[in-house]
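The structure under discussion appears below in the form of structure tokens.
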Amino acid sequence: MRHTLSVLVENKHGVLTRVAGMFSRRGYNIDSLTVGVTEDPTISRMTIVVRGDDDVLEQVTKQLNKLIDVIRVTDLKSEETVERELALFKVSSDVSNRSEIMQIADIFRARIIDVAPRSMIIEVTGDESKIDAIEQLLRPFGIREMVRTGKVALRRGAKGVSS
Amino acid sequence: MTESTGKMTGARALIECLYREGVDTIFGYPGGVLLPIYDALYDSDIRHVLVRHEQAAAHAAEGYARATGKTGVCIATSGPGATNLVTGIANAYMDSIPMVAFTGQVPSSLIGNDAFQEANITGITMPITKHNYLVQDAKELPRIIKEAFHIASTGRPGPVLVDLPKDITTEEIEFYYPDKVELRGYNPTYRGNLQQIKKAAAEIKNSENPVIYAGGGVISSDAAGELKELAEKIQAPVTTTLTGMGGFPGNHSLFIGMPGMHGSKYANYAIQESDLIIAVGVRFDDRVTGKLKSFAANAKIIHIDIDPAEISKNVKVDIPIVGDAKGILTNLLKYAEKSQSEEWLKKIEYWKKQYPLHYIEPATGDGIKPQYIIEQIKEACEDAIIVTEVGQHQMWAAQYFRYKEPRTFISSGGLGTMGYGFPASIGAKLGKPDKVVFDISGDGSFQMNSQELATVVQENVPVIIAIFNNGYLGMVRQWQELFFDRRYSSTCIQDSVDFVKLAEAYGALGLRATKRDEVRPAIEEAIKSGRPTVIDFVVECEENVSPMVPAGAAINEILDLERKE
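So the sequences go chain by chain: A and B. With this note's numbering applied, the first sequence corresponds to residues 1 to 163, in that order. With this note's numbering applied, the second sequence corresponds to residues 1001 to 1565, in that order.
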């Protein structure tokens, strides 16, 4: 079972280490973790995807809350949340298959952001399954390199997780 | 913010902050980057106790905190000084003891440079502190110290470390001490939920086999009085953990001793047959629960604790009540009524008679049984503070003394640190100078911090170190005897030290007892002397701690191990 936690933390040095250290020390697995500043420059938001049953989630949440620099932890339920991830794929390509790759990118509303004689870089944004799907389709051409940002998420509607 | 009290250096500001926090005693060891701080200490009213190894400074600060309830303070220099504190900080973290540790750090410009005596102590102590700080701006120093003391002493107490780069301590700042702390990520819950308290009261009323399982939280929240009232009102037996000793009177008819691995049989039987466990300030440690699956399998569990992360961490809790034990027990007393425990208490009395804690006196007459020493210390000085090291002697001290008051038993519970007791006893004695303080020790544990004899002599701290000298690292030897076919691998330390001469070399009083009838006179002489004293009690060398729950077994599978003569 995977959960997406939205964690508001003090925007101070060392906070990421405290959070990551707590996960490793207590043996919890992080699937992905993103961090960036929020609308309030003194606060950062970490979006952490964690794997585990309800008991694990409860402990993770409580242990996060025990960290002095953690301000708030929210378990984002997927039905009330928009989630996005960004990925870049560097795919082997030449004249013979360039248009075929561009068609795939088009279907996924992805963008070509670099074209070279023997490669292209494709940028795609979406939820995890969409990125998995385009990866499957690009793989036969030869993925030279790929990078994924990990998930970011916000709750739908006017109500946030900050207040 | 209060009014500025003028310009001063960071070092002077640190001393000013300590005054404002009511600190009168600190334990430490100087070093290069601490020179400005030690210069400021030189003409302050704060008593600085110079230890002989920084580990002892941390343990002494903890002993001081445990004996007094105040926050203990220690200080060490950068690099090795700071890393030497680590064991003491980890110990305070495991047992939730309020402590602020200050460490010197290389100047800000050199941090990250692998400078001389540089160690990343905030990184090293991150998992063993409640919080820690690297001060990066001298102006923030007072606020950080205020926060450090606040965090250490509130909620679930614990150690906080403040790392002080040398340039921070020499910089001049305008001194403001904040009136209050604003930490948006830290708001411990003190008041227990009333609905939960009422639910607990209803369960208690209907319960036939209730057991109160109380721990260190009762001591730190100063709730021993409320606990006693509750136990008497609902008529439930009380078992206290190692860190909860003294939280309930050891001579009370409802007291059933310690639970778990070396607990009393009747405490373990009571837990296993209970229909309602009322857990107060405990964390269901593996040494208490034994095999988790079969722990109190038929009981509903009420768990009162200030740390929500302890609820259902190891054992599934039916009625959690998060908050301060004292306040919750006070409220619970309003709603709780007598339980249906008449038959249960009879059964517990029967168990107490049938399976008492006991040991067999040597047939030949003049050998010394370690349990006998504990009983004699108790008879000689019942209101002493007993501090212990870790091992067999620790368990005997927990089993046979029957502590009556909180803060009279001080021991390393969670971390199990050999070498803890002697320095902790220094802190306890300085915190409670009117009390007689014993360090119950083993010949192994004592040698882990025996250099502190220099400290107690120089500072004139008259603690009494009672070495239970059996020539073995006894607890490990006991396990080797039971589970490794008596192959005593690296546990025999016989005749390695003359502890009397060692004491005398440092200028302390050294006494020895080798026969049973020498035990009491040695204790009396040590108390009367008013000097730091080492008593070398030469005890039966293969005595075992009994009873015992083997590792991984259920706690009612508890065995008698006394050696037949």
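Virtual Cβ for every residue (Gly too), placed ideally from N, Cα, C. These figures come from a predicted structure and were not determined experimentally.
For ARG18 (chain A), the residues of chain B that pass the 8 Å Cβ criterion are MET1126, in the order they occur in the chain. From the beta-carbon of GLY1185 (chain B), the residues of chain A found nearer than 9 Å are LEU8, VAL9, GLU10, ASN65, LEU67, ILE68, ASP69, VAL70, ILE71 and ARG72. Taken in chain order, the complete alpha helix (DSSP H) segments of 4 or more residues contained in the segment 1165-1195 of chain B are 1166-1170. Beyond the five residues adjoining it in sequence on each side, ILE1304 (chain B) comes within less than 6 Å, by CB distance, of VAL1280, ILE1321, ALA1325 and ILE1328 in the same chain, given in chain order. Secondary structure note for ASP106 (chain A): its alpha helix (DSSP H) is the uninterrupted segment 98-107. Judged by DSSP in its simplified three-state form, PRO1210 (chain B) adopts strand. Its Cα nearest to that of ILE1271 (chain B), the residue B:PHE1295 stands out among B:PHE1295, B:PHE1284, B:ASN1251 and B:GLY1250. In terms of beta-carbon proximity, ILE1151 (chain B) lines the interface with chain A, with at least one pair separated by less than 8 Å. Taking 7 Å as the Cβ-Cβ cut-off, the segment 20-50 of chain A approaches chain B at GLY21 and ARG25, given in chain order. Contact of ALA1309 (chain B) with chain A is assigned, a C-beta pair being separated by under 8 Å. Membership of GLN1105 (chain B) in any alpha helix (DSSP H) is not indicated; the residue belongs instead to the beta strand (DSSP E) covering 1099-1105. Distance between MET1475 (chain B) and ASP1163 (chain B), taken at the CA atoms: about 37 Å. DSSP places ILE1465 (chain B) inside the beta strand (DSSP E), whose first and last residues are 1464-1469.
With contact defined as three or more Cβ pairs closer than 8 Å, the segment 1005-1013 of chain B and the segment 1166-1183 of chain B are in contact. Identification of chain A residues near LYS1313 (chain B) by a Cβ-Cβ cut-off of 8 Å yields GLN59, ordered along the chain. Scanning the segment 1006-1035 of chain B for uninterrupted alpha helix (DSSP H) segments of 4 residues or longer gives 1010-1020, listed from N- to C-terminal end.
In this structure, the CA atom of GLN1196 (chain B) is about 29 Å from the CA atom of GLU1182 (chain B). At a cut-off of 8 Å between beta carbons, THR1514 (chain B) makes no contact with chain A. Taking the beta carbon of HIS1131 (chain B) as reference, the chain A residues within 7 Å of it are ILE68, listed in sequence order.
A residue is called buried once 16 or more other Cβ atoms fall within 10 Å of its Cβ, and VAL82 (chain A), having fewer, is exposed. Going by beta carbons, GLY1104 (chain B) and SER1078 (chain B) fall inside the 8 Å limit. With contacts defined by Cβ atoms closer than 8 Å, CYS1017 (chain B) and TYR1177 (chain B) form a contacting pair. Under the 10 Å beta carbon count, ASN1187 (chain B) is surrounded by fewer than 16 other beta carbons and is classified as exposed. At a cut-off of 8 Å between beta-carbon atoms, GLY52 (chain A) makes no contact with chain B. Counting other Cβ atoms within 10 Å of its Cβ, THR1364 (chain B) stays below 16 and is therefore classed as exposed. With distances taken between CA atoms, VAL91 (chain A) lies nearest to A:MET146 out of A:SER99, A:MET146 and A:LEU67. Residue contact with chain A for THR1122 (chain B): present (Cβ-Cβ distance below 8 Å to some residue of chain A). GLY27 (chain A) sits in coil when the DSSP states are folded into three classes, being neither helix nor strand. If one requires a minimum length of 4 residues, the alpha helix (DSSP H) runs lying completely within the segment 8-86 of chain A are 15-26 and 54-66, in chain order.
For TYR1472 (chain B), the beta-bridge partners assigned by DSSP are B:CYS1492. In the displayed model, ASN1084 (chain B) falls within a helix according to three-state DSSP.
Not one beta carbon of chain B lies nearer than 8 Å to the beta carbon of GLY142 (chain A).
Taking one beta carbon from each stretch, the segment 1452-1461 of chain B and the segment 1106-1125 of chain B have fewer than 3 pairs nearer than 8 Å; the two do not touch. Secondary structure note for ALA116 (chain A): its beta strand (DSSP E) is the uninterrupted segment 111-116. In the displayed model, HIS1303 (chain B) falls within a strand according to three-state DSSP. A Cβ of chain B is located within less than 8 Å of the beta carbon of GLY14 (chain A).
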